[in-house]
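See structure below.
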Amino acid sequence: MEHISTPKVENVKLLDRFTNKRPANGSLYLTATHLIYVDAAAGVRKETWIAHHHIASVEKLPISTTGCPLIIHCKNFRVAHFVIPRERDCHEVYTSLLKLSQPVKYEDLYAFFYYPKSDQDERLMEWKLSDLKMEYMRMGIPNKHWVLSDINKDFKVCSTYPTCLVVPKEASESTIIGSSKFRSRERFPVLSYYYKDNNAVICRCSQPLSGFSTRCEEDEKMLEIISRANPGSPFVYVVDTRPKLNAMANRAAGKGYENEDNYPNIHFQFIGIENIHVMRGSLQKLLEVCELKSPSMSNFLTVLENSGWLRHIKAIMDASVFLAKAVRDDNTSVLVHCSDGWDRTAQVCSLASILLDPFYRTIKGFMVLIEKEWISLGHKFSQSFWNVSGILPSSSLVPLSLVKNIYWKFTIMSSPANSETSLVTPKKNGKNSSKYLKDLMCTSDQNHMGTRCTLCIGSPF
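Taking my numbering, the leading residue of the sequence shown gets 403, the next gets one more, and so forth.
What follows is the structure in structure tokens.
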């Protein structure tokens with residue numbers, strides 16, 4: 403609270419950028435966690451809440467005859483335009499919001515300095531909401547093909563993998579370590595999801611250090627073992643989520659992708675999801691779309707198409723559907739990677755898991771999924787969301803934002819459950835699951851044409 407010099411300002415106007423309605427008039431409050439605007443209209447108590455960590459930037463404009471404008475740009479595409487009567491009050495609110503939205507160290511985050519009334523034991527239990535060993539047991543692991551391994555104890559093999567991993571039972575320690583040395587950042591193939599109905603799996607890793615001709619006996623053996631762990635299929639799909647040209651360019655740096663001549667048990671597939679830099683540029687253009695003032699529908703759709711955002715959404719949806727259909731319909735295991743295996747790989751594996759397993763379409767399941775696929779397997783949240791000098795621009799939030807947007811689409815397509823702990827009604831595998839995949843492909847095509855663009859833009863996350 404030491405950053406808040408003016409906790410309340412009255413007679414503040416909130417402008418509506420999309421209509422010609424008169425501005426709302428009310429009070430602006432600053433708390434430790436939120437900026438709150440309360441409309442003072444008679445008979446109406448309309449509140450606007452903006453969490454400090456949702457604020458991407460704060461802009462203070464020169465004072466005018468009506469007051470001092472303050473524009474807040476949020477990471478969820480929201481823009482709030484306030485007019486504060488006194489320039490001094492506006493400056494103090496502006497300064498407070500800069501400090502509250504851009505903490506200089508992690509200890510300043512609300513999650514660290516807030517102490518609830520519950521006792522210490524109850525608070526510690528909150529850290530145990532997600533147990534990955536229990537999650538793997540729910541999938542059906544360990545079994546005769548896959549086991550939990552502590553080979554990465556003390557992070558001695560891979561610094562960006564958790565200490566507990568699921569690997570093929572047949573894989574020896576020397577095979578795993580040899581494979582890790584042939585993969586970027588030592589991120590060797592590990593299990594992401596086990597489909598117990600037919601033993602097919604989704605595994606993930608990073609790109610191989612193959613260059614133009616380098617081979618690794620242990621890595622080739624690792625993929626052969628993964629293939630043998632699924633008796634229902636003679637091969638494994640290896641899915642490189644990058645555009646082919648990007649992957650080929652990496653070969654010049656001693657990296658690249660698997661050569662099918664050296665891996666006789668794989669079928670290779672490029673997907674073509676663009677890298678983080680392209681995504682950031684696209685997101686920035688999308689933000690500009692959302693800030694258009696009174697655009698025509700034609701102009702809006704044109705600028706939206708030019709942003710490329712819907713094409714990126716479709717590419718990730720196509721990739722996740724490919725994985726889900728390969729596992730469920732073709733009984734074939736899939737190994738997924740991009741460059742380092744913590745952005746595009748996490749996106750595709752997460753969404754494929756949501757398609758295959760209704761548990762991940764619940765609030766509890768989604769929490770487990772984020773813990774399993776993103777936190778424990780090394781997504782760089784600290785670089786994507788924060789650094790020691792404060793919050794990065796909203797364009798840094800691309801990887802998980804895409805998953806949230808598509809995940810919201812999945813929940814819209816599914817029947818809502820009458821439960822506070824479920825976002826959708828789980829359905830058993832079978833005809834419903836097949837229809838779900840077909841509907842998703844249809845929706846993916848419609849979004850590419852822009853006919854359902856609001857679902858991708860209007861996510862509540």
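All C-beta atoms in this analysis are idealised placements derived from N, C-alpha and C, irrespective of residue type, glycine included.
Asked                                                                                                                                                                                   : Found
With H, G and I counted as helix, E and B as strand and the rest as coil, what does DSSP make of Val411?                                                                                : strand
Tell me, please, which residues DSSP counts as bridged to Arg480.                                                                                                                       : Arg480 is not bridged to any residue.
Give every residue of the same chain whose Cβ lies closer than 6 Å to the Cβ of Cys618, excluding the five residues on either side of it in the sequence, and list them in chain order. : Phe584
If we count Cβ pairs, one from each stretch, closer than 8 Å, do we get three or more for the stretch 641-658 versus the stretch 720-730?                                               : yes
How many Å lie between Pro471 and Lys687 at the Cα?                                                                                                                                     : 24 Å
Please state whether the Cβ-Cβ distance between Leu689 and Phe479 is less than 8 Å.                                                                                                     : yes
Please state whether DSSP places Phe637 in a helix, a strand or coil.                                                                                                                   : coil
Throw me the rounded Cβ distance for the Arg763 and Ile756 pair, which I believe falls under 8 Å.                                                                                       : 6 Å
Helix, strand or coil: how does DSSP classify Lys462 here?                                                                                                                              : strand
What number of angstroms, rounded off, separates the C-alpha of Ile406 from the C-alpha of Gly469?                                                                                      : 21 Å
Is Pro636 buried or exposed, if buried means 16 or more other CB atoms sit within 10 Å of its CB?                                                                                       : exposed
What does the alpha-carbon distance come out to for the pair Thr827 and Val446?                                                                                                         : For Thr827, the pLDDT reaches just 38, beneath the cut-off of 50, and the residue's location in the model is therefore unreliable, leaving the point undetermined.
Count the other C-beta atoms from every protein chain shown that fall within 10 angstroms of the C-beta of Tyr659, then say buried if there are 16 or more, exposed otherwise.          : buried
Please confirm whether Ser429 and Lys415 have their CB atoms less than 8 Å apart.                                                                                                       : no
Starting from Phe670 and walking both ways along the beta strand (DSSP E), at which residues does that stretch end?                                                                     : Ile668 to Phe672
If we call anything under 8 Å between Cβ atoms a contact, is Val495 one with Leu432?                                                                                                    : yes
In this structure, what does DSSP give as the bridge partners for Trp451?                                                                                                               : Ile438
Work out the CA separation of Ile474 and Leu463 for me, nearest whole Å.                                                                                                                : 11 Å
How do the stretch 601-616 and the stretch 666-679 stand: do at least 3 beta-carbon pairs fall below 8 Å, yes or no?                                                                    : no
Between the stretch 727-746 and the stretch 578-592, do three or more beta carbon pairs fall short of 8 Å?                                                                              : yes
Closest to Thr616 by C-alpha separation, out of Tyr595, Pro645, Asn554 and Ala654, would be which residue?                                                                              : Ala654
So, helix, strand or coil for Asp867, using DSSP?                                                                                                                                       : Not covered by the structure: residue 867. The range shown for the chain is 403 to 863.
Please report how far the alpha carbon of Ile627 lies from the alpha carbon of Leu685, in whole angstroms.                                                                              : 40 Å
Would you call Gly743 buried or exposed, if buried means 16 or more other Cβ atoms sit within 10 Å of its Cβ?                                                                           : buried
To the nearest angstrom, report how far apart Leu499 and Pro518 are at their CA atoms.                                                                                                  : 24 Å
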